[in-house]
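Following: one structure in structure tokens, then a few remarks.
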Amino acid sequence: MDPVGRGSAWRKGFNTPRDFNDNESFCGGFTVHNIFNKGMCGVCGDNYATKQPRAHENGGYYGTGTIVKTYKAGETIEILVELTASHKGHFEFSICPLTDKNDIETEKCFEQYPLQLASGGTKYPVTTVGNRQHRIKVVLPSGLKCQHCVFRWHYRTGNTWGICEDGKGSNGCGPQEVFRTCSDIQII
Numbered sequence: 000m001d002p003v004g005r006g007s008a009w010r011k012g013f014n015t016p017r018d019f020n021d022n023e024s025f026c027g028g029f030t031v032h033n034i035f036n037k038g039m040c041g042v043c044g045d046n047y048a049t050k051q052p053r054a055h056e057n058g059g060y061y062g063t064g065t066i067v068k069t070y071k072a073g074e075t076i077e078i079l080v081e082l083t084a085s086h087k088g089h090f091e092f093s094i095c096p097l098t099d100k101n102d103i104e105t106e107k108c109f110e111q112y113p114l115q116l117a118s119g120g121t122k123y124p125v126t127t128v129g130n131r132q133h134r135i136k137v138v139l140p141s142g143l144k145c146q147h148c149v150f151r152w153h154y155r156t157g158n159t160w161g162i163c164e165d166g167k168g169s170n171g172c173g174p175q176e177v178f179r180t181c182s183d184i185q186i187i
């Protein structure tokens, strides 16, 4: 992932805690996320039922506030996502500016700053299978500057059979597995 996520920053030479399961930020897994937590997920991919700050949130074990990348407001940036296993579905990206080092990200904050794809829209469809790198261009908000922003990758998979809104069954409908990763960035 580029910008590198909190649990993976050590892989890029940052002096941060090592998450050896950094490809498992999946809200506790399908059953925990969709059954026990009724579709609720920690904002950075942790089990929602865990007390805040959760491990990958600001102030949590991996949430050290280490800035891994600096960008310019309004800039079109390239995001790199490496999927070790494709589950179809789509990616979305968003930002949450933090004003204090002790702030914890919220869903409401991320919802205020969804990132637009350079190609249009906010959802990047994952249509390929297997291990693959995805390079995606997104546009940062022109009026947003922050010493500490949290960049979030949200992956709603689409390979589980479920009931669609029209009442028919299909892959990608109904509850799906969700993965999330948060990265600490700066926008000047």
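Here the sequence shown is numbered in numbering that gives the first Met the number 0, starting from 0 and rising by one per residue.
Yeah, the Cβ is synthetic: ideal placement off N, Cα and C, and Gly gets one too.
Which listed residue (172, 167, 153) has its alpha carbon closest to that of residue 160: Taking the first residue of the sequence shown as 1, we reach residue 160 at position 161. Answer by Cα proximity: 172.
Rounded C-beta distance between residue 79 and residue 132? I'm assuming under 8 angstroms. One-based indexing of the sequence shown puts residue 79 at position 80. One-based indexing of the sequence shown puts residue 132 at position 133. Residue 79 to residue 132, Cβ: 6 angstroms. Contact.
Am I right that residue 65 and residue 15 are in contact with their C-beta atoms under 8 angstroms? What's the rounded C-beta distance? Residue numbering aside, residue 65 sits at position 66 when the sequence shown is read from its first letter. Residue numbering aside, residue 15 sits at position 16 when the sequence shown is read from its first letter. At roughly 5 angstroms, the Cβ-Cβ gap stays under 8 angstroms, so residue 65 and residue 15 are in contact.
For residue 17, count the other beta carbons within 10 Å of its own beta carbon; 16 or more makes it buried, fewer makes it exposed. Which is it? Taking the first residue of the sequence shown as 1, we reach residue 17 at position 18. With fewer than 16 other Cβ atoms within 10 Å, it is exposed.
Pick from 42, 67, 183 that is closest to residue 12, judged by C-alpha positions: For the purposes of this step, residue 12 is identified with residue 13 of the sequence shown, where counting begins at 1. Comparing Cα positions, the closest option is 67.
So is the beta-carbon of residue 166 under 7 angstroms away from any non-hydrogen atom of the ligand NAP? Looking at this structure, you won't find the ligand NAP or any other ligand, since it has none at all.
Would you give the residue range spanned by the beta strand (DSSP E) that residue 145 belongs to? Sequence index remark: in the sequence shown, residue 145 carries index 146 (1-based). Looking at the DSSP string, the run of the beta strand (DSSP E) that includes residue 145 is 145 to 155.
Return the bridge partner residues of residue 91 from the DSSP annotation. As a position in the sequence shown, residue 91 is number 92, starting the count at 1. The partner list for residue 91 (beta bridge, DSSP) reads 153.
Short Cβ contact (8 angstroms threshold) for residue 49 with residue 38: The residue you call residue 49 lines up with position 50 of the sequence shown. The residue you call residue 38 lines up with position 39 of the sequence shown. No, the Cβ-Cβ distance between residue 49 and residue 38 is not below 8 angstroms.
Among 140, 117, 149, which one has its Cα closest to the Cα of residue 106? The residue you call residue 106 lines up with position 107 of the sequence shown. Out of 140, 117, 149, 149 has the C-alpha closest to the C-alpha of residue 106.
What's the call for residue 179, buried or exposed, on a 16-neighbour Cβ count within 10 Å? To locate residue 179, count along the sequence shown from 1; it is residue 180. Label assigned to residue 179: buried.
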